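Under my numbering, think of the first position of the sequence shown as -18, with each following residue one higher.
In what follows, a single structure is set out as structure tokens and then discussed.
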Amino acid sequence: MFGYIKPFRPELKVVEDELYRSIYCGLCRNMGKSISQTYRFTLNYDAVFLALVRIAASGETVITKRGRCVVHPIKKRNYIIAPLSLTYCSRAFAILAKCKSDDDISDSKGVTKLCAVTKSIPIRRYGKKSDFASLSAEIDVHLANLRNLENTHSNMLSALADEFGYALGLVFSHETEGSINRILYDIGYHTGKWIYITDAVDDYFDDKKAGRFNPFLSVDGIPVEDIEQSLNLELLALSHSIDLLPECQKGIRNIIDNIVYLGMPQTAKTVLNKAKERNK
């Protein structure tokens, strides 16, 4: 995952901002404990969104503690404990980190490829002993489909984004049942499509320069207005699914709403404005 799913922090209340930081720190600690210390360096905002949604869906009680860590040894910081949700998110995100590492290696050449392989060694180790084998296998199917489409230089943006959406749908909904499984799958699916399109826009000029695949290369430019409409439609569908989540701790829900209604639109605006400027 890519770190695009983050809150618009100026609109968070102080207590909500502190809760968001606490979830980030709690997830970081859990990754070190349940996976390995190496994986703590792969953590990004997308993983925190996954944790927020899983906590909201499960209704798990969030306990806040305070302590120091290796990254911040001087001043104590708040961190949450939600064993079921955070452990799941740590392990699921570890699989995604391995997939991202594999993709980086596939897209690289020469010295850059060597660096990507070296960087991936501690990450790939976990993939071999993951206790989420079924989830990993299902994700691999959709990411393989995505790679096949990219290798044929497909410009079918919807089909490309769909495959990444299917993969994230599985990540968000794994180990759940009934209506909540459908809700979580839809949240992951629309989040995944939004991420894929946003990342394609964000990487367009670098991909063009490096000779890497990008769905917009075939049209020789980014149709900003069309892409903005597509992203807005994904956010609208995502918001409908978010509204179906069960009642949960107010702070958790407020942060999720902030991310979906403010943070993601702000990220899209920033990425699209940058593309618009470079298109000139």
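For each residue, glycine too, the CB sits at the ideal point set by N, CA and C.
It should be emphasised that the depicted structure is a prediction, and the values quoted were computed from it without experimental measurement.
query: Cβ neighbours of residue 196 in the same chain (closer than 6 Å, five flanking residues each side left out); result: 136, 138, 141 and 181
query: Same chain only: Cβ atoms within 7 Å of residue 268, ignoring 5 sequence neighbours per side; result: Outside the displayed range of the chain (-18 to 261) lies residue 268, so it cannot be described from this structure.
query: Within-9 Å CB hit, residue 215 to chain B; result: Within the model displayed, chain B is absent; a lone protein chain is all it includes.
query: Pairwise C-alpha distance: residue 76 and residue 117; result: 6 Å
query: At least 3 beta-carbon pairs within less than 8 Å: the region 180 to 194 vs the region 151 to 165; result: no
query: Own chain partners of residue 208 with C-beta closer than 7 Å, once the 5 adjacent residues on each side are dropped; result: 178, 182 and 253
query: Start-to-end residues for the beta strand (DSSP E) that takes in residue 46; result: 44 to 48
query: Per DSSP, cross-strand counterpart(s) of residue 60; result: 46
query: Closest residue to residue -16 among 126, 257 and 240 (Cα-Cα distance); result: 240
query: Endpoints, alpha helix (DSSP H) assigned at residue 221; result: 205 to 223
query: Burial state of residue 109 (16 or more Cβ within 10 Å); result: Unreliable positioning characterises residue 109 in this predicted model, as indicated by a pLDDT of 42, which lies under 50. The coordinate reading is nonetheless provided below. When all chains shown are included, residue 109 counts as exposed.
query: Cβ neighbour criterion (16 or more within 10 Å) applied to residue 134; result: exposed
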